[in-house]
Amino acid sequence: MRRYVLPLLLVLTYVSGMWPESALAAQSLEEAELAYDRGDYTQAARLFSPLAEQGVASAQFYLGLMHEKGRGVRQDHFTALTWFRKAAAQGYAGPQNNLGLIYERGRGVRKDVVRALMWYTIAATMLSGNEGKVALQRQDHLTTQMTAAQIEQARDLAQRCQQSQFKDCD
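With the working numbering as the guide, the letters of the sequence shown map in order to residues 2 to 171.
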């Protein structure tokens, strides 16, 4: 019995040292999402910020939304773009439509229909349900305003971005 106590204690010490940190992060993320959903954007920003800085993609996405709309933070399209890019670089599908809109409308960046179509194309392949439909609609609408060469370039960029696991997207 004694020979099992020490290994058991070592395992428990290791697990207990790691688990609370991830559990706290999950709890903070849940609290931040609840604050956002109830419209307490200042509190949501306070809770999302450290998580986003730690690289939590969903927190980065929410901060992007908040900066894009000026909810709980100063409206800043460039900052929104930065957070959306960070989340998208991790393969997080949420911000891809938003990135398409930012490039299509030139908010915080130079208007770029090729980049916009690239992000809509990626979103259409990764998102499902209503979000996927929106991406397809945006993609279809935008292609009516583009040349065949621009469309091909956007699709090549989308393929390169996805093949690089979102490391080569800009």
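Beta carbons are placed, not taken as given, at the ideal position from N, Cα and C, and that holds for glycine.
Going by C-alpha positions, Gly107 is about 16 Å away from Pro96. Under the three-state reduction of DSSP output, Met127 falls in the helix class.
For Ala149, the uninterrupted alpha helix (DSSP H) segment begins and ends at 149-164. Note on geometry: alpha-carbon atoms of Gly133 and Thr148 lie some 24 Å from one another.
If you check the CB distance, Gly73 and Ala90 do not come in under 7 Å. Annotation: the continuous alpha helix (DSSP H) that includes Ala88 extends over 78-90. Residue nearest to Pro51 within the set Trp84, Gln163, Ser165 is Trp84 (criterion: CA-CA distance). Judged by their CB atoms, Leu82 and Gly109 are nearer to each other than the 7 Å cut-off.
The Cβ atoms of Asn98 and Val135 sit closer than 7 Å to each other.
Its chain contains no residue whose beta carbon lies nearer than 7 Å to that of Thr126 once the 5 sequence neighbours on both sides are disregarded. For Tyr42, the uninterrupted alpha helix (DSSP H) run begins and ends at 42-54, by DSSP.
The Cβ-Cβ distance between Ala88 and Ile123 does not fall below 7 Å. In the three-state reduction of the DSSP assignment, Gln28 falls in the helix class.
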